[in-house]
Amino acid sequence: MGRIFFIVFILLFSYFFFAPQAFNQASANHCTDPKPNSAPILISAKAGEDSVSLLWTEALDPVTYYLVAYGLSKENLEYGNPNIGPRGTTSYTVGGLAKGVKYYFRVRAVNGCKPGKLSNTLTAIPGFIEKATSLPNLSIYKIVQGASVSATPTSELDTAVPAPLVITGEEKVKCTTCVSWQLLIAEAILLISYLYFARRVTFLKQIFSIAIPIAMYIMFWKINGQCFSEGFFCKYFLQLNIIIFMVIVILYKNKYINFKTNLLESFFKKVTKKKIKKRRRK
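Each residue of the sequence shown is one higher than the last, beginning at -17 in this note's numbering.
Written as C-alpha cells, this is what we have:
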C-alpha cells in the first residue's frame, strides 16, 4: 500500500513540476474584460522613405490601448507591435520597412486582456513620398459603428521596426485535436511490456516502471501545450494516467498479466518449435 501512495505522490509531483503551463492557460482562458464596442477606423497610411505613418479614429470604449498589425499580404499580417499607445492614441509611425515593398496595415483596440475587432486595411509602399491613401467613407462607419469622424494626431510619432506580431485573445489559434488517448494506449502497452521483461532481465526493477507514466505525462504537455480541447481524455489525462498505471500494477501483482504473458510465451514456443521442425524436414 505504501508503494501505491509513493507512486501517486510522484505523479502529482510531476504534474505540478513539469506542467505549470496548464495553470497559465487556465487563467488566460478566463478573461472577464469586455471587448471594445467598435473597431478603430484606419483613415490614412502615408509612406515615407522607409516608414509609413498611420492615422485612425478611435474605437468606442472600453479601450485601454491599441496595437498595429502589418504584413506583405492582407491575409498574413505577420509583423506588428502589441502596444502602440494608450486610449486616445490616433497615430503611429512604423519604421524600418523595406523600400519599394507594398505593406498592408490594420490597427486594433484592446481593453485589458480582451482585443476588439481589427480595423479596415490600408496599403502603402515605403520609398515613395506620396500623399496619404484615399480616405474611407467615414459616414458609413459612423452609421454602422457609431464612431467619430474626427481624428486628432498625437503630438509625437513613435517609430518601430518590424517584429513578429504576438496575437492575443480571440485571434489566438486553438488546436482542434488533443493527443491524449493515443498516449494512454501507448502507456498501457509499454507498462505491460516493461513488467514482462522485468521478470527476465535482472537490472530492470519493477519500481522503475513509474518512469513510463511520468514520461507520458510530460509528452502530453509537450505535444498539447497550446491545446484548449475540452475532450474527456484530454481534460482528465492525469487521472486516467494514474488509473491505468495502478490497474496494470495491481493486475501484475495478482498474476493476471503473468498468466497472459505465459500464454504468449507458450504461443511463441509452439511457433518456434514448428519452424525448427520445418527446417529439419528440409
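Ideal Cβ positions, reconstructed from N, Cα and C, are used throughout, including at glycine.
In chain order, what residues of the same chain lie with their CB nearer than 6 Å to the CB of residue i, ignoring the 5 residues before and after it?
i	result
G109	K81 and G82
M198	L165 and E169
N19	L42
K99	A21
S35	K28 and T75
Y234	L177
L24	W38, V89, S101, N102 and L104
A51	L59, G62, R88 and L147
Taking the alpha carbon of residue i as the point to measure from, which residue in the options has its own alpha carbon closest?
i	options	result
L222	K187, Y234 and A168	A168
V89	E57, E40 and K96	E40
A265	L104, P64, A27 and T75	Residue 265 lies beyond the stretch modelled for the chain, which goes from -17 to 264, so this question has no answer here.
K28	Y74, P68, P97 and L100	Y74
F202	R261, I171, I25 and S162	S162
V229	K255, N102 and I171	I171
C95	A193, I232, F87 and C13	C13
Y86	P97, A106 and K204	A106
A193	R181, I224 and L79	I224
G30	K56, E57, L79 and I66	L79
Which one or two residues does DSSP pair with residue i in a beta bridge?
i	result
N223	Per DSSP, none; premise fails for N223.
N63	V50
I23	T39
P97	V92
T103	None; T103 has no bridge partner.
V34	A29 and V76
P68	Y47
For residue i, which of helix, strand or coil comes out of DSSP?
i	result
V89	strand
A170	helix
A80	coil
S73	strand
P16	coil
K56	coil
F185	coil
Y218	coil
S162	coil
P108	coil
T254	helix
Considering only residues of the same chain and omitting the five flanking positions on each side of residue i, which have a CB-CB separation below 7 Å?
i	result
N301	Because the chain spans -17 through 264 in this model, residue 301 falls outside it and cannot be assessed.
S191	L173, Y176 and L177
N236	none
F219	S162 and F202
P68	T46 and Y47
I325	As displayed, the chain neither begins before -17 nor continues past 264, which places residue 325 out of reach and without an answer.
Excluding the 5 residues flanking residue i on each side, which residues of the same chain have their C-beta closer than 8 Å to its C-beta?
i	result
K257	none
E138	Note on E138: pLDDT 38, under 50, position unreliable in the model; no value is reported.
F179	L186
I66	Y47, Y48, L49, V50, Y74, V89, D140 and A142
R262	none
K84	L54, T105, A106 and I107
K56	Y86 and T103
Check whether the Cβ of residue i lies closer than 8 Å to any Cβ atom in chain D.
i	result
N206	Within the model displayed, chain D is absent; a lone protein chain is all it includes.
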